[in-house]
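Take the position in the sequence shown, starting the count at 1, then add 170; the result is the number in the numbering used here.
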Amino acid sequence: MKLSIVSYLDPESSHKVRELQQKLSDITGSRVSLSSWEPHVTIGDGVEVDYGDLKSLKYKIDSLSIKTDPFELNLQGIGSLDNWKGGSDETPYVIYLNVVLTEELMKFVNEIESICNKYNKWYFMPRPYMPHCTLAFRDLTKVGYENGLKYLQKVDPKLKAKIDHIALVEKLTDFDSELIRFKFVK
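Here it is as structure tokens:
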């Protein structure tokens with residue numbers, strides 16, 4: 171099975187990102203960010219795990235979540251790509267909200283990487299790590315991309331998000347489905 175490793179934004183931050191995604195969708199025509207994923211930050215490479223290894227992976231991630239305190243992320247500034255090499259039938263255009271990379275976030279991502287090193291990867295996060303929350307992608311056209319960036323020059327989104335879990339999300343043929351969420355215990 172193919173798994174993504176993410177942390178979803180808290181409800182208040184998620185709502186604010188959804189409002190921005192909806193406004194961008196109205197301007198750009200891009201709808202995938204609204205229909206495919208809840209607002210999140212990717213915190214690990216996508217791993218391929220057979221059912222026999224799933225129990226071990228869950229145990230290791232649960233062990234990490236037990237010793238991790240919830241922490242805040244600052245999301246501010248807009249980033250973009252016009253050369254993304256996503257999956258088939260995806261455009262190269264991406265607009266995202268930057269996440270300020272802190273020592274705490276980097277340590278957390280490195281711990282997840284050390285857990286997942288032994289598994290085959292189906293998705294690699296950008297290196298160096300570039301935390302972000304995607305606003306529009308996959309069906310974003312060049313004209314939509316340009317119009318979206320023009321709009322965002324007038325907007326200066328800044329928000330704080332609380333990260334309090336690790337989620338494993340299974341990539342299925344037509345959609346992605348959260349398999350399990352590990353809440354931080356501390």
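Glycine included, each C-beta is placed from N, C-alpha and C at the ideal position.
Helix, strand or coil, according to DSSP, for G199 in the structure here? By one-based count along the sequence shown, residue 199 stands at place 29. In the structure shown, G199 sits in coil (DSSP, three-state: anything other than H, G, I, E or B).
Would you kindly check if the distance between the Cβ of H302 and the Cβ of L329 is under 8 angstroms? Stepping through the sequence shown from its first residue, residue 329 is reached at position 159. Stepping through the sequence shown from its first residue, residue 302 is reached at position 132. Cβ distance not < 8 angstroms, so L329 and H302 don't count as in contact.
Contact check, I333 vs L243 under 8 angstroms by CB: the rounded distance? In the sequence shown, the residue the question calls residue 333 occupies position 163. In the sequence shown, the residue the question calls residue 243 occupies position 73. 6 angstroms between Cβ atoms; contact.
For A306, the nearest candidate out of V264, D239 and F352 (CA to CA): Here residue 306 is taken as the residue at index 136 of the sequence shown, counted from 1. It is V264 whose Cα lies nearest to the Cα of A306.
Please report the residue range of the alpha helix (DSSP H) in which D239 lies. Taking the sequence shown and counting its residues from 1, one reaches residue 239 at position 69. No alpha helix (DSSP H) holds D239; DSSP gives it neither H nor E.
Check the C-beta distance from S347 over to V339 and give it rounded, since I have them as a contact under 8 angstroms. The count along the sequence shown starts at 1 and reaches residue 347 at position 177. The count along the sequence shown starts at 1 and reaches residue 339 at position 169. Contact holds; Cβ gap of about 7 angstroms.
For F345, which residues of its own chain have a beta-carbon under 8 angstroms away from its beta-carbon, when the five flanking residues on both sides are left out? Start at 1 with the first residue of the sequence shown, and residue 345 comes out as number 175. The residues are S206.
Under the three-state DSSP convention, the category Q323 falls into: Working through the sequence shown from its first residue, we reach residue 323 at position 153. Residue state, collapsed to three classes: coil.
For F352, the first and last residue of its enclosing alpha helix (DSSP H): Locating residue 352 in the sequence shown gives position 182, counting from the first residue. That residue, F352, is in no alpha helix (DSSP H); its beta strand (DSSP E) goes D346 to K353.
Considering K328, what are the terminal residues of the beta strand (DSSP E) in which it resides? Locating residue 328 in the sequence shown gives position 158, where the first residue counts as 1. Counting along the chain, the beta strand (DSSP E) containing K328 begins and ends at K328 to I333.
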